[in-house]
Structures are given as C-alpha cells and as structure tokens.
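S.K.:
Residue numbers (our numbering): 10 to 186.
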C-alpha cells in the first residue's frame, strides 16, 4: 500500500493526538517526517522592510493551497512569521540549514533591503550579543543558496519602503545583491 505525504502527515497528527506521543518517540517522528519531505527543495524565507503582506497572501492561497505548497512543493525550513523559534535560536537554526544545504536551498526574500546606516534599520536578531542586520544576513545566505527569489514588490523593486525620500536607502533584492 502506497501512502502519500499528505496521508502520512495526517495519520501521524491524528495518531499523536489520540495516543499522546511520548517525548522519547519524537526523534523517530522527526526522522520519518524529514524523510517524507526529503524530495522537496529546502527554503529559507527572510523578511526585510515590508508589511508581511506577501506571506499572508501565500497563507491565503487557494490553488495550490498552503498545505500543498508545504507538503508537495517545498520544504520550508525557516520563516520568521510562522515559526516558534525567535532571536539567536532562530538565527542559529537558519544558519545551520544554510550550511547543511549549501548550494541546494533556495532563499526567498520578502521586503526591501534597507542599506542605510550600515543596515541598522532592519535588525533580524542577534548572534553572540551582536546585532544581525538583514543586509549582512541576506548577503551571507545568498552566497550559500542555489537561487534567490525576491518575493513581492518590496523585495523586487523596493516598494513603499524605497519611496521618496527613502531615508533608509531601501532597495530591491536585485539592486542590493
């Protein structure tokens, strides 16, 4: 009997709730889940200056819907809006993913890149007590990615964050990289 990814995940979720999955089994569950998603390209999604509207639009997509996107098309490894981790833990995880899948993951950038004031207009977290700016992080991740996708008007062209007088010197990803 062949089981689809969707059926597998649905079964795991229902079973876990029904029987109360033991913490001791979580590593096995995670390994099985990773194998189920192994065929989909890993994606790291970062956000610069924007309103998160593109993420909301993706979450509200109908065809394909977000479930199909996440289970059949991509393996979303990092997205600051929809993940629980935050701060240095989140930054560390995204960097681990980038190193593990170097040359194989896709970087999605949502929002403009504010380059003024050495990038301090958009700090995405900390590493070792030092601020990590979207400027530095995007440069680093882009070098390791198989490809970079500017998702939405702000990421592609600068959008409203780049409107005059543009005190943050916001740019689209193409102009930035």
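Backbone N, C-alpha and C define an ideal beta-carbon position, used for all residues, glycine too.
1) Quick check: the stretch 56-65 against the stretch 83-94, are there 3 or more CB pairs under 8 Å?
2) Out of 97, 70, 176, 158, point me to the one whose CA is closest to residue 135's CA.
3) Which runs of the alpha helix (DSSP H), 4 residues or longer, sit entirely within the stretch 140-168?
4) Out of 111, 178, 110, 170, which one is the CA nearest neighbour of residue 126?
5) How would you write the range of the alpha helix (DSSP H) that residue 182 sits in, first residue to last?
6) Whose CA, out of 110, 172, 84, 132, lies closest to the CA of residue 155?
7) Please list, in chain order, all residues of the same chain as residue 63 whose beta carbon is under 6 Å from its beta carbon, the five residues on each side excluded.
8) Restricting to Cα atoms, I'd like to know which of 80, 123, 84, 60 is closest to residue 50.
9) Label residue 106 either buried or exposed according to how many other C-beta atoms from any shown protein chain fall within 10 Å of its C-beta, with 16 as the threshold for buried.
10) Shorter than 7 Å, the distance from the beta carbon of residue 159 to the closest heavy atom of the ligand NAD, or not?
M.R.: According to the data block:
1) Result yes; three or more Cβ-Cβ pairs closer than 8 Å.
2) What you label residue 135 is simply residue 126 of the chain shown in a count that begins at 1. It is 97.
3) Look at the stretch 140-168 and you find these whole runs of alpha helix (DSSP H), each 4 residues long or longer: 143-153, 162-166.
4) Within the chain shown, residue 126 is the residue found at index 117, counting from 1. Comparing Cα-Cα distances from residue 126 to each of 111, 178, 110, 170, the minimum goes to 178.
5) Within the chain shown, the letter at position 173 stands for residue 182. From DSSP, the alpha helix (DSSP H) with residue 182 extends over 182-185.
6) Taking the first residue of the chain shown as 1, we reach residue 155 at position 146. Comparing Cα-Cα distances from residue 155 to each of 110, 172, 84, 132, the minimum goes to 110.
7) Here residue 63 refers to the residue found at position 54 when the chain shown is read from its first residue. Once the five neighbours on either side are set aside, the close Cβ partners of residue 63 are 119, 160, 161.
8) As a working note, residue 50 is residue 41 in the chain shown. Sorting 80, 123, 84, 60 by C-alpha distance to the C-alpha of residue 50 places 84 at the top.
9) Looking up residue 106 in the chain shown gives position 97. The residue is buried, with at least 16 neighbouring Cβ atoms inside 10 Å.
10) This structure does not include the ligand NAD; it has no bound ligands of any sort.
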